[in-house]
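Each remark here refers to the structure printed beneath this line.
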Amino acid sequence: MRSPDQRLIHIVGMYKCGTSWLTHMLASHPEMMAWREFDVIRAVYQNQPVKPRLKKRVANRLRRILQGPPRFPKEHRFTRRERQDIIQELFCGRGLLPIMGEDKRAQAAALDISDAESFLDGLQALGDYSLQSDELPPLEPRRFNNTLGASNSRRADLLHFITQVRDTEELDKVPNFYFDYLAGLATEDARIVLKAADQIMCFEQLAACSPDSTKIVIMRDGRDATISAMHYGKLMEKWDAPWKPDQVQYLDRLRAWAVRAAKLVELSKTYNILVLRYEDLQRDFDSVCGGLLQHLGVNSDPQLVRNIYQRTNFKKVSGGREPGQSAEDIIRKGVIGEWKDTLSANEAKEAWQVAGPELEQFGYTREGHYKTSGLCPFSVTD
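What follows is the structure, given as structure tokens:
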């Protein structure tokens, strides 16, 4: 029997590289359940970047002039938030119960958690959520083929989690309370998949909270990922979503991708991180998905893999669109190499200057091909 921590599978990134597809794939497996995206680590710990020393800042400035990513990026030091800030990040519109609109999120932040029942009622009213009956038996993964969220929770379980956060003297244990809360909603044999698509920079904090869990990264050509990120940011801004990212220029967003890719290389020297590539899944889904399932120690029968593909391919999850057909939706085009048709020759040159070494590290070429070498254990051999 696996320990509670060993049951967890964390999809930690990378941002706009196919984490949603991977989450839905695993959710479609009869031995696993996946929960909608939420980064409990960032809810509990706040990033306080530390500037490099003067010599390193000078080197970074020269790299910036040459359009490259910083050689010495800021250190990311995560410090624990105060209780009220943790409560707001967890519950008041940005976390387990997303609430659309700044006005409603402000109202949620003003709710009094001292009465947990009334606090939860207020959140539900603002977010228009319903919860499951306390008599609902534990969820069985074979009965679900989609990702789950707080609306699938029994009310008593969510109330217990809220009360733990409110009353604990050890706030560093809040992530573990969250993991236990999710695991308790499912049958004891279920593997629990959690997704936080931009968790590379706070990976050490996650590893400290959940040392025995499986950690997976799905990688994608950063030039394509950045185009997708720009589209997503504009869409979230239009929808007034609580998780809308800051609006930045293309090269700055690509530079952030490169910093995370370099961080992933360093992390892989210390931690056991499984790295996949989006392009490999696109090219040979059966082999890559089957290898992943084998690695996770779950059923990898070829027919089951085919069934997973039928449930999660682009046309299915996009509501009937063909790959390449865009829409105002978080599911975009489902194609590889979009950057070649989007960037001018000069922009493509600048993109390579910004992220070339990191792209090469994961098998991507200046021209837009991708090799089967690098850090991707399930890359398909040519």
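So the sequence shown is numbered by our numbering: it starts at 2 and just counts up by one. Each residue gets a CB set at the ideal place from its N, CA and C atoms; glycine is no exception. Here the structure is a predicted model, which means the values were calculated and not measured.
Check                                                                                                              : Outcome
7 Å CB neighbourhood of Ile87 in its chain, flanking five on each side removed                                     : Ala44, Val45, Val166, Leu172, Val175
Proximity of Leu124 and Ser154 at Cβ, strictly below 8 Å                                                           : no
Which listed residue (Ala107, His77, Lys334) has its alpha carbon closest to that of Glu90                         : Ala107
Euclidean distance between Cα positions of Leu127 and Ala35                                                        : 25 Å
Any 3 or more C-beta pairs closer than 8 Å across the segment 218–232 and the segment 250–266                      : yes
Reduced DSSP secondary structure (H/G/I, E/B, other) of Gln311                                                     : helix
Whole-Å CB distance - Leu294 paired with Asn300, under 8 Å assumed                                                 : 7 Å
Pick from Ala111, Gly185, Phe162 that is closest to Leu137, judged by C-alpha positions                            : Gly185
Close-in-space but distant-in-sequence residues of the same chain around Thr227 (CB under 7 Å, 5 per side omitted) : Tyr251, Arg254, Leu255, Trp258
Distance, Ser229 Cα to Ile217 Cα                                                                                   : 20 Å
Trp22 burial status per 10 Å Cβ neighbour count (16 or more: buried)                                               : buried
As assigned by DSSP and simplified to three states, the class of Ile114                                            : coil
Proximity to Asp158 [Cα-Cα], best of Arg144, Leu121, Asp129, Ala191                                                : Leu121
Inter-stretch contact (C-beta, 8 Å, three-pair minimum) for the segment 200–220 and the segment 270–288            : yes
Given 8 Å, three or more beta-carbon pairs between the segment 320–338 and the segment 191–206                     : no
Unbroken beta strand (DSSP E) run spanning Leu195, endpoints                                                       : 192–196
DSSP three-state assignment for Leu277, whether helix, strand or coil                                              : strand
DSSP three-state assignment for His370, whether helix, strand or coil                                              : coil
Under 8 Å between C-beta atoms of Asp342 and Ala197                                                                : no
Thr24 - DSSP class collapsed to helix/strand/coil                                                                  : helix
Beta-ladder partner(s) of Met34, from DSSP                                                                         : Ile193
Cβ separation of Ser29 and Asn177, assumed to be a contact under 8 Å, to the nearest whole Å                       : Actually they are not in contact, since the Cβ atoms of Ser29 and Asn177 sit about 27 Å apart, beyond 8 Å.
Reduced DSSP category for Val218 - H, G, I as helix; E, B as strand; rest coil                                     : strand
Cβ neighbour criterion (16 or more within 10 Å) applied to Gly364                                                  : buried
Own chain residues within Cβ distance below 6 Å of Leu112, not counting five before or after                       : Phe120, Gly123
Contacting residues, own chain, Cβ-Cβ under 7 Å from Ser152 (five flanking each side not counted)                  : Tyr130, Ser131, Leu132
Residues that His232 bridges to, as DSSP identifies them                                                           : None, per the DSSP bridge assignment.
Proximal residues to Phe379 (C-beta, below 7 Å), its chain only, five neighbours per side dropped                  : Bear in mind that the predicted position of Phe379 carries a pLDDT of just 40, short of 50, making it too unreliable to give a figure here.
Short Cβ contact (8 Å threshold) for Thr142 with Ala191                                                            : Reading the sequence as shown, one finds Pro at residue 142 and not Thr. Taking 8 Å as the Cβ cut-off, Pro142 and Ala191 qualify as a contacting pair.
DSSP three-state assignment for Tyr251, whether helix, strand or coil                                              : helix
Between the CA atoms of Asp330 and Tyr272 - distance to the nearest angstrom                                       : 35 Å
8 Å contact criterion, which Thr274 and Met15 should meet: CB distance rounded                                     : It should be pointed out that residue 274 corresponds to Ile in this sequence rather than to Thr. Not quite, the Cβ-Cβ distance comes to about 11 Å (not below 8 Å), so this is no contact.
Close-in-space but distant-in-sequence residues of the same chain around Ala263 (CB under 6 Å, 5 per side omitted) : Glu359
C-beta contact flag for Phe92 and Ile163 at 8 Å                                                                    : yes
Through-space distance from Glu38 to Pro243, alpha-carbon basis                                                    : 13 Å
Given Leu305 as reference, the closest of Ser269, Pro31, Ala117 once Cα atoms are compared                         : Pro31
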